[in-house]
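Visitor: In the UniProt record's numbering, the protein residues as written are 1 to 611.
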Amino acid sequence: MKVVGITTQQEVYVGSKDRNFRINEFLIIMDEYQGDLMGEVVEAKTYNRYIPLNINGDLVDSSVLESLKAIGYNVDEDTIYIAKVRLLNEAQYPIETGSDVRVPRFKEVKNLMVKSTKEEGLVLGAIKNTDQMEKDMDEEFKKLLYLFEDGQLIPQKGIPFIFDLKSMHQYPHIGVFGGSGSGKSFGLRVVLEELMKLNIPTIILDPHFEMDFSESQDYMPEEEKEDFNERFKCLQVGYHVGVRFEELNPQDLKNLLDASSPLTDAMNNVVDILFKKNDSFQSFHDRLKMLSEAQEEGSPDKIRRRIEEATTEAERDGWKRRKELYETYDKICPYSSVRGIFWRLKRLENEGIFSNDIHEIEEGLKMGKLIVIQGSTRMLQVFSTYLLNNLYHRRRDFKDAEYKHTTADYFPPFIIVTDEAHNFAPKGYDSPSKSILKEISQEGRKYGVFLILATQRPTLLDETITAQLNTKFIFRTVRASDIQTIKEETDITEEEARRLPYLQSGDVFISSATMGRTIYVRIRASKTTSPHTMNPFDELLNYSQEREEKFYRLIKDKLPINDSQILFTLTEIEKESGEVLNMDQFKERLENLVLKGKIEKVTTPFGDMYK
Numbered sequence: 001m002k003v004v005g006i007t008t009q010q011e012v013y014v015g016s017k018d019r020n021f022r023i024n025e026f027l028i029i030m031d032e033y034q035g036d037l038m039g040e041v042v043e044a045k046t047y048n049r050y051i052p053l054n055i056n057g058d059l060v061d062s063s064v065l066e067s068l069k070a071i072g073y074n075v076d077e078d079t080i081y082i083a084k085v086r087l088l089n090e091a092q093y094p095i096e097t098g099s100d101v102r103v104p105r106f107k108e109v110k111n112l113m114v115k116s117t118k119e120e121g122l123v124l125g126a127i128k129n130t131d132q133m134e135k136d137m138d139e140e141f142k143k144l145l146y147l148f149e150d151g152q153l154i155p156q157k158g159i160p161f162i163f164d165l166k167s168m169h170q171y172p173h174i175g176v177f178g179g180s181g182s183g184k185s186f187g188l189r190v191v192l193e194e195l196m197k198l199n200i201p202t203i204i205l206d207p208h209f210e211m212d213f214s215e216s217q218d219y220m221p222e223e224e225k226e227d228f229n230e231r232f233k234c235l236q237v238g239y240h241v242g243v244r245f246e247e248l249n250p251q252d253l254k255n256l257l258d259a260s261s262p263l264t265d266a267m268n269n270v271v272d273i274l275f276k277k278n279d280s281f282q283s284f285h286d287r288l289k290m291l292s293e294a295q296e297e298g299s300p301d302k303i304r305r306r307i308e309e310a311t312t313e314a315e316r317d318g319w320k321r322r323k324e325l326y327e328t329y330d331k332i333c334p335y336s337s338v339r340g341i342f343w344r345l346k347r348l349e350n351e352g353i354f355s356n357d358i359h360e361i362e363e364g365l366k367m368g369k370l371i372v373i374q375g376s377t378r379m380l381q382v383f384s385t386y387l388l389n390n391l392y393h394r395r396r397d398f399k400d401a402e403y404k405h406t407t408a409d410y411f412p413p414f415i416i417v418t419d420e421a422h423n424f425a426p427k428g429y430d431s432p433s434k435s436i437l438k439e440i441s442q443e444g445r446k447y448g449v450f451l452i453l454a455t456q457r458p459t460l461l462d463e464t465i466t467a468q469l470n471t472k473f474i475f476r477t478v479r480a481s482d483i484q485t486i487k488e489e490t491d492i493t494e495e496e497a498r499r500l501p502y503l504q505s506g507d508v509f510i511s512s513a514t515m516g517r518t519i520y521v522r523i524r525a526s527k528t529t530s531p532h533t534m535n536p537f538d539e540l541l542n543y544s545q546e547r548e549e550k551f552y553r554l555i556k557d558k559l560p561i562n563d564s565q566i567l568f569t570l571t572e573i574e575k576e577s578g579e580v581l582n583m584d585q586f587k588e589r590l591e592n593l594v595l596k597g598k599i600e601k602v603t604t605p606f607g608d609m610y611k
């Protein structure tokens with residue numbers, strides 16, 4: 001391998017007759033005057049006599065052609081491999097043409113590629129096209145993982161990519177970007193498995209109900225399987241966790257009420273005026289309800305008439321209370337706004353938001369567990385606003401007290417993870433969950449609170465938050481607008497951006513401030529499986545086959561069956577299985593078994609017979 005053509009201090013072309021090049025592999029250029037210089041292949045092509053060397057002027061030119069001839073390549077006969085190599089660090093002078101090029105040894109790239117030990121970092125995958133350096137790699141980095149390629153499990157190939165978790169203190173927050181089917185959720189699962197291994201307190205907002213880690217992958221060797229059941233807990237909003245109303249302050253309550261659609265200024269005013277310290281749900285609910293009922297009457301005279309017409313003491317006292325509320329608040333709390341707050345409050349109650357508290361989440365985090373919060377996107381938007389505010393400020397209060405040498409209850413550092421992050425922190429308009437996520441993105445590093453935000457649409461994610469994501473995992477992305485956003489927010493090259501729509505599922509560019517460059521990685525095989533991995537068409541086929549087998553088992557001992565026996569047979573089937581069929585449904589199922597060749601149908605003078 002030799003340097004050919006006109007060179008610069010940043011890029012060179014390398015030619016070879018014997019060895020093809022792979023994109024993102026590393027090469028060392030042995031410059032006679034500047035010593036060994038490390039570079040990365042950013043473009044690779046093959047030339048032979050059937051293909052013109054200069055294709056649209058975008059790879060090589062006449063200087064490369066002349067250079068190849070000068071160093072002994074027969075460009076008219078040989079197949080020639082050509083690579084564009086970008087130096088990792090700019091050279092002092094342009095590289096000497098004709099310099100020899102070689103594959104680096106592991107120790108020469110170790111400091112570039114490995115930033116953490118396997119015990120302290122997240123073992124996420126293997127760096128692509130580094131397998132030629134594996135043979136002299138340190139033993140501690142071998143046999144750490146399996147890859148899943150072409151439908152089969154294969155041992156580790158190349159240098160492992162170990163994410164330096166401790167570097168998040170300096171370079172906080174991770175973005176995980178990729179379109180549908182790109183391996184984004186699969187990659188996120190691998191990150192979470194690694195966090196569980198290290199007992200890092202983590203909260204996941206899971207709108208798809210797929211972050212369950214109780215089932216091991218069938219394909220994983222027995223010795224590699226790992227039981228995560230004691231390290232995570234799934235909790236559903238409205239069933240297992242919720243908001244303790246008595247602990248809300250006015251801003252918390254407004255955030256909850258604001259989650260479905262923004263509150264008007266008048267609605268905000270109603271909450272500020274009517275919500276009292278230490279209110280229970282019932283006391284606040286009753287105050288709103290009684291004031292709105294009084295406002296519906298429309299005047300003090302009508303309310304007095306209702307007091308006079310009351311038939312019981314309780315009814316009379318109720319209208320007296322309504323009269324007091326009306327006289328106090330009617331002029332400063334418009335009826336439409338009071339009613340709007342009341343209906344929003346009722347909706348939250350009906351969804352179970354106020355039926356529990358967050359104690360179980362707090363205890364789980366203190367034990368270093370991964371807590372999966374499940375619910376619809378809207379429910380998670382509502383609940384996460386309260387939850388993240390509460391937990392973040394618990395951690396912040398502890399760190400502030402530590403700094404001021406005062407006392408506060410310990411609360412651990414933790415990581416917040418969410419899929420469909422653009423729903424929680426949208427670009428272009430405000431939402432309560434966006435406010436707290438933006439605050440954490442800008443200030444969380446100081447307090448040990450970090451974000452991992454996954455989305456199919458990085459263009460729709462708030463720009464301020466996107467800019468704070470110091471590490472970005474970029475899976476296959478097809479949309480031009482999303483690719484443009486990724487190019488603006490990372491150090492990904494033009495060549496790498498062009499490859500984004502064609503990446504295999506599970507291949508990822510990792511743009512990391514810690515690494516100082518973009519790394520091309522194959523995500524390792526996950527040890528657990530999502531509950532939604534079965535293909536829905538396989539599910540449909542399995543259901544049909546099970547239904548068919550069940551019916552066949554019910555009738556096989558009753559064969560032969562003719563038309564006169566059908567009603568009797570139907571009665572027996574109902575007793576045995578509890579399934580109720582009419583005659584047409586029964587005959588349709590019999591005909592289906594005939595088509596499958598499991599039974600025969602014979603036409604007789606007395607009607608059809610199945611045997």
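In this text, a Cβ means the ideal position worked out from N, Cα and C, and glycines have one as well.
Bear in mind that the values here come from a model prediction, so they are computed numbers and not experimental data.
Apart from the five residues on each side of it in sequence, which residues of its chain come closer than 8 Å, Cβ to Cβ, to residue 58?
Guide: In this prediction, residue 58 scores a pLDDT of 49, lower than 50, which makes its location untrustworthy; the coordinate-derived value is nonetheless stated afterwards. Once the five neighbours on either side are set aside, residue 58 has no close Cβ partner at all.
Visitor: What is the DSSP secondary structure of residue 507, counted as helix, strand or coil?
Guide: The answer is strand: DSSP assigns residue 507 an E or B state.
Visitor: Relative to the alpha-carbon of residue 91, which residue among 128, 150 and 12 has its alpha-carbon at the smallest distance?
Guide: For residue 91, the nearest C-alpha among the options comes from 12.
Visitor: Could you tell me whether the Cβ atoms of residue 217 and residue 526 are closer together than 9 Å?
Guide: Taking 9 Å as the Cβ cut-off, residue 217 and residue 526 qualify as a contacting pair.
Visitor: Going by CA-CA distance only, name the one from 592, 498 and 430 that's closest to residue 480.
Guide: Answer by Cα proximity: 498.
Visitor: Suppose the cutoff is 6 Å on Cβ atoms and the five residues either side in sequence are ignored; what does the same chain contact list for residue 383 look like?
Guide: The residues are 237.
Visitor: At 4 residues or longer, and completely inside the segment 471-552: list those alpha helix (DSSP H) runs for me, N to C.
Guide: Complete alpha helix (DSSP H) runs here, min 4: 480-489 and 494-499.
Visitor: Give me, in chain order, the residues of the same chain whose beta-carbon lies closer than 7 Å to that of residue 513; leave out the 5 immediate sequence neighbours on both sides.
Guide: Only 171, 470 and 471 meet the Cβ criterion.
Visitor: Between the beta-carbon of residue 477 and the beta-carbon of residue 42, is there less than 9 Å?
Guide: No, the pair does not count as a contact, with Cβ atoms beyond the cut-off.
Visitor: Could you tell me which residues DSSP pairs with residue 161 in its beta bridges?
Guide: Answer by DSSP bridge pairing, in chain order: 125.
Visitor: Could you tell me which of 342, 447, 442 and 93 sits nearest to residue 394, measuring between CA atoms?
Guide: Comparing Cα-Cα distances from residue 394 to each of 342, 447, 442 and 93, the minimum goes to 447.
Visitor: Between residue 123 and residue 524, is the Cβ-Cβ spacing less than 9 Å?
Guide: Yes; because the gap between Cβ atoms is below 9 Å, this pair is in contact.
Visitor: For residue 505, decide whether its Cβ has a neighbour in chain D, counting only Cβ atoms nearer than 9 Å.
Guide: The structure shown contains no chain D; it holds only a single protein chain.
Visitor: What does the alpha-carbon distance come out to for the pair residue 178 and residue 461?
Guide: One C-alpha to the other measures close to 13 Å.
Visitor: On the DSSP letters alone, give me the boundaries of the beta strand (DSSP E) that residue 353 sits inside.
Guide: Residue 353 -> no beta strand (DSSP E), and no H or E assigned at all.
Visitor: Let me confirm a value: residue 583 is counted as buried when at least 16 other C-beta atoms fall within 10 Å, else exposed. Which label applies?
Guide: It is exposed - the Cβ of residue 583 has fewer than 16 other Cβ atoms within 10 Å.
Visitor: Would DSSP call residue 267 helix, strand or coil?
Guide: In the structure shown, residue 267 sits in a helix (DSSP, three-state: H, G or I).
Visitor: Is it the case that the Cβ atoms of residue 357 and residue 247 are separated by a distance below 9 Å?
Guide: Yes; because the gap between Cβ atoms is below 9 Å, this pair is in contact.
Visitor: From which residue to which residue does the alpha helix (DSSP H) around residue 398 run?
Guide: First-last of the alpha helix (DSSP H) with residue 398: 377-404.
Visitor: Please determine, among 160, 196, 594 and 284, the residue with the shortest C-alpha to C-alpha distance to residue 561.
Guide: Checked all of 160, 196, 594 and 284; the closest Cα to residue 561 is 594.
Visitor: Taking all protein chains shown into account, do 16 or more other C-beta atoms lie within 10 angstroms of the C-beta of residue 3, making it buried, or fewer, making it exposed?
Guide: Buried: at least 16 other Cβ atoms inside 10 Å.
Visitor: From which residue to which residue does the beta strand (DSSP E) around residue 155 run?
Guide: Where residue 155 is concerned, the enclosing beta strand (DSSP E) stretches over 152-155.
Visitor: Got a sec? Which residues, its chain only, sit under 8 Å from residue 273 by beta carbon, not counting five neighbours each side?
Guide: Counting only Cβ-Cβ distances below 8 Å, and skipping sequence neighbours, we find 329, 332 and 333.
Visitor: Nearest by alpha-carbon distance to residue 106: which of 138, 399 and 79 is it?
Guide: Considering only alpha carbons, the answer is 138.
Visitor: Please confirm whether residue 520 and residue 23 have their CB atoms less than 9 Å apart.
Guide: Their beta carbons are under 9 Å apart, which means residue 520 touches residue 23 by this criterion.
Visitor: So, helix, strand or coil for residue 295, using DSSP?
Guide: Helix.
Visitor: Nearest to residue 104 by alpha carbon, out of 89, 81 and 136?
Guide: Checked all of 89, 81 and 136; the closest Cα to residue 104 is 136.
Visitor: Using alpha carbons as the reference points, say which of 159, 318, 143 and 79 lies closest to residue 108.
Guide: It is 159 whose Cα lies nearest to the Cα of residue 108.
Visitor: Taking residue 229 as the reference, give the member of 221, 235, 215 and 558 with the closest Cα.
Guide: Out of 221, 235, 215 and 558, 215 has the C-alpha closest to the C-alpha of residue 229.
Visitor: Taking Cβ positions, are residue 372 and residue 482 nearer each other than 9 Å?
Guide: For residue 372 and residue 482, no; Cβs fall outside 9 Å.
Visitor: Helix, strand or coil for residue 455, going by three-state DSSP, please let me know.
Guide: If DSSP states are grouped into helix, strand and coil, residue 455 belongs with the strands.
Visitor: Residue 24 by DSSP, collapsed to three states: which one?
Guide: Residue state, collapsed to three classes: coil.
Visitor: Quick one, are the C-beta atoms of residue 486 and residue 425 less than 9 Å apart?
Guide: Not closer than 9 Å, so no.
Visitor: Which residues does DSSP pair with residue 562 in a beta bridge?
Guide: Answer by DSSP bridge pairing, in chain order: 609.
Visitor: DSSP three-state label for residue 408, please.
Guide: Coil at residue 408, not helix or strand.
Visitor: Under the three-state reduction of DSSP, which class applies to residue 109: helix, strand or coil?
Guide: In the structure shown, residue 109 sits in a helix (DSSP, three-state: H, G or I).
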